[in-house]
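Numbering (this note's numbering), first residue to last: 241 to 598.
From the three backbone atoms N, C-alpha and C, an ideal C-beta is built for every residue, glycine too.
Computed from a predicted structure; not experimentally measured.
Each remark here refers to the structure printed beneath this line.
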Amino acid sequence: MRILVTGGAGFIGSTLVKSLVASEKHEVLNIDCLTYAGNLCSLDSVEGKSNYRFSQTDISDQKAMSEHFIHFKPDCVFNLAAESHVDKSIDSPDAFIQTNINGTYNLLKCALNYFKCLDAEKKSQFKFIHISTDEVYGTLSESGKFDETSPYRPNSPYSASKASSDHLVRAWFETFNLPTIITNCSNNYGPYQLPEKLVPLMILNAMGERDLPVYGQGLNIRDWLYVEDHADALCLVMEKGRIGESYNIGSDNEIRNIDLVRLICDQIDKLFPRQNKKSRQDLIKFVQDRPGHDFRYAIDASKITQELGFSPKTNFELGLEKTIMWYLSHNDWIESVTKPSLTNRQGVIQEFSASESI
Ligand SMILES: NC(=O)c1ccc[n+]([C@@H]2O[C@H](COP(=O)([O-])OP(=O)(O)OC[C@H]3O[C@@H](n4cnc5c(N)ncnc54)[C@H](O)[C@@H]3O)[C@@H](O)[C@H]2O)c1
């Protein structure tokens with residue numbers, strides 16, 4: 241298949257691109273405008289492969305995107321291009337509205353213009369797969385899980401922008417018959433994630449003996465999915481997903497933030513004991529909670545499991561250990577993402593220094 245991936249220089253996109261290229265079954269065009277979150281160093285292993293090409297393009301650029309559709313002639317589109325950091329969406333939502341909503345709208349228009357010109361056989365094969373988040377469903381209390389029928393109740397500018405894009409994708413299917421599928425997944429972790437996000441931030445700060453900032457009392461619960469399992473699920477959706485459907489993707493790994501941070505400390509202590517022999521847990525600092533912080537996310541993935549045979553391969557503790565080992569042995573990549581423009585709401589990234597991390 242000829243597969244166009246947007247946001248393929250980001251965390252999940254680069255994992256998906258590498259998996260598609262390595263299968264040697266597909267031609268892949270990676271479209272990414274390389275915001276602070278895009279990094280071509282994450283794609284070193286596919287650079288120069290004959291079935292891979294990259295274009296630095298903004299998905300909001302109608303002329304450039306139309307040309308990509310005309311020249312590349314994709315059989316499938318994966319849309320992962322997005323502004324993805326909730327904290328940033330609170331401080332400056334503009335880019336979230338622009339890329340996540342307007343960018344997706346532009347991509348849908350370009351895809352539909354292209355789709356209309358395909359012959360019947362090509363039309364029957366074409367899929368537009370939009371990658372979204374479980375955060376569109378809002379927050380859960382102690383019990384229950386999100387399934388595909390859960391109402392949309394987004395609480396942050398990020399999740400509201402993703403919810404808006406999901407609605408546009410659904411409308412392009414219902415109104416214009418563009419063959420779309422939406423996936424909503426839980427929090428991802430694994431190699432190549434920018435250290436503005438919880439898991440890599442804690443790993444790198446713990447190794448550097450810096451504070452481990454935890455929102456509120458750390459009681460919020462997230463449901464973690466190893467990024468390569470997510471990429472496998474997306475490939476299944478491409479192969480067997482039903483048009484017009486949405487699929488929740490998760491891995492049944494619920495854990496409170498504070499317990500996750502403690503687990504990361506314990507795993508690092510085991511691998512690299514501190515000189516003072518103390519636990520890195522004493523670096524944990526509770527900081528003022530994020531406004532509108534959703535309490536709990538949990539995914540019911542039974543639809544993708546039963547319909548498409550999805551089964552995540554990665555045990556959570558082993559996946560976390562693998563992730564820790566990856567960060568501790570990829571200083572070059574860490575250097576490549578440590579830019580002064582990287583901040584989060586506590587300015588924690590600015591304190592982060594790659595050279596201290598190993
Ligand atoms: N990371 C998670 O835990 C998670 C969970 C659920 C859903 N998602 C969704 O998965 C997708 C990918 O997430 P991620 O964590 O890999 O994000 P990321 O921030 O790591 O990567 C996003 C990529 O999109 C690119 N991009 C941004 N704006 C663009 C534009 N206008 N045109 C072209 N490229 C643009 C960036 O340069 C970057 O390479 C997003 O849509 C996100 O909402 C992520």
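- So, Ala538 versus Lys385, is the Cβ gap smaller than 9 Å? Looking up residue 538 in the sequence shown gives position 298. Looking up residue 385 in the sequence shown gives position 145. Using a Cβ distance threshold of 9 Å, Ala538 and Lys385 count as a contacting pair.
| request: Identify, in the order they occur along the chain, each residue of the same chain with its Cβ nearer than 8 Å to the Cβ of Val257, setting aside the five sequence neighbours on each side. | output: One-based indexing of the sequence shown puts residue 257 at position 17. Answer for Val257: Val245, Gly248, Val268, Asn270, Leu283, Val286 and Tyr292, listed in chain order.
Secondary structure of Lys385, DSSP reduced to three states
The residue given as residue 385 occupies position 145 in the sequence shown. Three-state result, Lys385: coil.
Measuring only the C-alpha atoms, how far is Ile599 from Ser519?
With the chain covering only 241 through 598, there is no way to say anything about residue 599.
Under 8 Å: does the beta carbon of Ala249 sit that close to some heavy atom of ligand 1? Sequence index remark: in the sequence shown, residue 249 carries index 9 (1-based). True, at least one ligand heavy atom lies under 8 Å from that Cβ.
_At the level of alpha carbons, what is the spacing between Asp472 and Pro513?_
Sequence index remark: in the sequence shown, residue 472 carries index 232 (1-based). Sequence index remark: in the sequence shown, residue 513 carries index 273 (1-based). Between Asp472 and Pro513, the C-alpha separation is close to 35 Å.
| message | I need the DSSP call for Asp327, collapsed to helix, strand or coil. | response | Start at 1 with the first residue of the sequence shown, and residue 327 comes out as number 87. In the structure shown, Asp327 sits in a helix (DSSP, three-state: H, G or I).
Which runs of the alpha helix (DSSP H) at least 4 residues long sit entirely within the stretch 452–492? Give them in chain order. The qualifying runs are 467–480.
Span of the beta strand (DSSP E), counted from its first residue to its last, around Glu494: Walking along the sequence shown from the start, residue 494 turns up at place 254. Segment Glu494 to Arg496, the beta strand (DSSP E) holding Glu494.
query = Mind checking Ser383: buried by the 16 CB within 10 Å criterion, or exposed?
reply = Translated into positions along the sequence shown, residue 383 becomes position 143. Counting other Cβ atoms within 10 Å of its Cβ, Ser383 stays below 16 and is therefore classed as exposed.
Pairwise C-alpha distance: Thr275 and Cys281: The sequence position of residue 281 within the sequence shown is 41, counting from 1. The sequence position of residue 275 within the sequence shown is 35, counting from 1. Their backbone Cα atoms lie some 14 Å apart in a straight line.
- Message: Could you compute how far the alpha carbon of His266 sits from the alpha carbon of Tyr345?
- Response: Here residue 266 corresponds to residue number 26 of the sequence shown, with the count starting at 1. Here residue 345 corresponds to residue number 105 of the sequence shown, with the count starting at 1. Looking at the two C-alpha atoms, the distance is approximately 26 Å.
query: CB of Asn319 to nearest heavy atom of ligand 1: below 8 Å?
result: Here residue 319 refers to the residue found at position 79 of the sequence shown. Yes; taking the cut-off as 8 Å, the Cβ of Asn319 has a heavy atom of ligand 1 nearer than that.
Item to complete: Mark Thr373 as exposed unless 16 or more other C-beta atoms lie within 10 angstroms of its C-beta, in which case mark it buried.
Response: Against the sequence shown, residue 373 aligns to sequence position 133. Label assigned to Thr373: buried.
- Message: Suppose you measure from the CA of Phe355 to the CA of Phe535; what does that come to, to the nearest Å?
- Response: If you number the sequence shown from 1, residue 355 lands on position 115. If you number the sequence shown from 1, residue 535 lands on position 295. Each residue's Cα considered, the two are about 41 Å apart.
Exercise for the section: Would you kindly check if the distance between the Cβ of Cys273 and the Cβ of Asp298 is under 9 Å? Expected result: What you label residue 298 is simply residue 58 of the sequence shown in a count that begins at 1. What you label residue 273 is simply residue 33 of the sequence shown in a count that begins at 1. A distance below 9 Å separates the beta carbons of Asp298 and Cys273.
Straight-line gap, Ser597 to Phe309 (C-alpha atoms, nearest Å)
The sequence position of residue 597 within the sequence shown is 357, counting from 1. The sequence position of residue 309 within the sequence shown is 69, counting from 1. The predicted model places Ser597 with a pLDDT of 27, which falls under 50 and marks its position as unreliable; any figure quoted below should be read in that light. Taking the straight line joining both Cα atoms gives about 42 Å.
Taking Cβ positions, are Phe251 and Val467 nearer each other than 9 Å?
For the purposes of this step, residue 251 is taken as the residue at position 11 of the sequence shown. For the purposes of this step, residue 467 is taken as the residue at position 227 of the sequence shown. Contact flag set, yes.
> Taking the Cβ atom as the reference point for each residue, do Phe318 and Ile369 lie within a distance shorter than 9 Å?
Replying inline: Within the sequence shown, numbered from 1, the residue matching residue 318 stands at position 78. Within the sequence shown, numbered from 1, the residue matching residue 369 stands at position 129. Closer than 9 Å, so yes.
Report yes if the CB atom of Ile495 is closer than 9 Å to the CB atom of Ser401, and no otherwise. On the sequence shown, residue 495 is found 255 positions in, with the first residue counted as 1. On the sequence shown, residue 401 is found 161 positions in, with the first residue counted as 1. For the pair Ile495 and Ser401, the CB atoms are not nearer than the 9 Å cut-off.
(message) Please state whether the Cβ-Cβ distance between Ile489 and Ala411 is less than 9 Å.
(response) Within the sequence shown, the letter at position 249 stands for residue 489. Within the sequence shown, the letter at position 171 stands for residue 411. Result no, Cβ atoms of Ile489 and Ala411 do not sit closer than 9 Å.
Q.
Can you tell me where the beta strand (DSSP E) holding Thr297 begins and where it ends?
A. On the sequence shown, residue 297 is found 57 positions in, with the first residue counted as 1. It is not in any beta strand (DSSP E) - Thr297 carries neither H nor E in the DSSP assignment.
Determine the extent of the beta strand (DSSP E) in which Tyr429 is found, giving its start and end residues. Within the sequence shown, the letter at position 189 stands for residue 429. Tyr429 -> beta strand (DSSP E) spans Asn427 to Tyr429.
DSSP state of Asn555, grouped into three classes? The residue given as residue 555 occupies position 315 in the sequence shown. In the displayed model, Asn555 falls within coil according to three-state DSSP, outside both helix and strand.
| field | Glu468 Cβ short of 8 Å to ligand 1 heavy atom set | value | Mapped onto the sequence shown, residue 468 falls at position 228. No - ligand 1 has no heavy atom lying nearer than 8 Å to the Cβ of Glu468.
### Query
Would you say Lys367 and Pro419 are within 9 Å of each other, going by their C-beta atoms?
Within the sequence shown, numbered from 1, the residue matching residue 367 stands at position 127. Within the sequence shown, numbered from 1, the residue matching residue 419 stands at position 179. Cβ distance < 9 Å, so Lys367 and Pro419 count as in contact.
Alpha carbon to alpha carbon, what distance is there between Pro333 and Pro397? Numbered from its first residue, the sequence shown carries residue 397 at position 157. Numbered from its first residue, the sequence shown carries residue 333 at position 93. Roughly 6 Å between the two C-alpha positions.
**Report entry** CA nearest to the CA of Cys357, picked from Asn340, Gly430, Leu459 and Lys313
**Finding:** By one-based count along the sequence shown, residue 357 stands at place 117. Answer by Cα proximity: Lys313.
> Assuming Val501 and Gly458 make a contact with CB atoms under 8 Å, what is their CB distance in whole Å?
Replying inline: As a first step, residue 501 must be located in the sequence shown, where it is residue number 261. As a first step, residue 458 must be located in the sequence shown, where it is residue number 218. Confirmed, Cβ separation roughly 7 Å.
Who does Glu267 pair with in a DSSP beta bridge?
Position 27 of the sequence shown, counted from the first residue, corresponds to residue 267. Listed as beta-bridge partners of Glu267 by DSSP are Arg242.
For this session: Pull up the CB-CB distance for Ser381 and Asn342, whole angstroms please, since I reckon it's below 8 Å.
Result: Reading the sequence shown from its first residue, position 141 is the one you call residue 381. Reading the sequence shown from its first residue, position 102 is the one you call residue 342. In this structure, Ser381 and Asn342 do not form a Cβ contact; the two beta carbons are roughly 34 Å apart against a cut-off of 8 Å.
field: Asn516 - DSSP class collapsed to helix/strand/coil
entry: Your numbering for residue 516 matches position 276 in the sequence shown. DSSP places Asn516 in coil when its eight states are reduced to three.
Practice prompt. Within 10 angstroms of the Cβ of Gln507, are there 16 or more other Cβ atoms? Answer buried if so, exposed if not.
Written response: Residue 507 sits at position 267 when you count from the first residue of the sequence shown. Note on Gln507: 16 or more other CB atoms within 10 angstroms of its CB, so buried under the neighbour-count rule.
task = For Ile524, I'd like the list of residues in its chain whose CB is within less than 7 Å of its CB, leaving aside the five on either flank, ordered along the chain.
result = Residue mapping note: residue 524 aligns to position 284 of the sequence shown, counting from 1. Answer for Ile524: Leu452, Val454 and Val501, listed in chain order.
Whole-number beta carbon distance between Tyr432 and Ser600, since they are thought to touch under 8 Å:
Limits of the chain in this structure are 241 at one end and 598 at the other, which puts residue 600 out of reach.
**Asked** Closest to Trp464 by CA distance: which of Gly481, Arg482, Cys425 and Tyr567 is it?
**Response** Locating residue 464 in the sequence shown gives position 224, counting from the first residue. Of the listed residues, the one whose Cα sits closest to Trp464 is Cys425.
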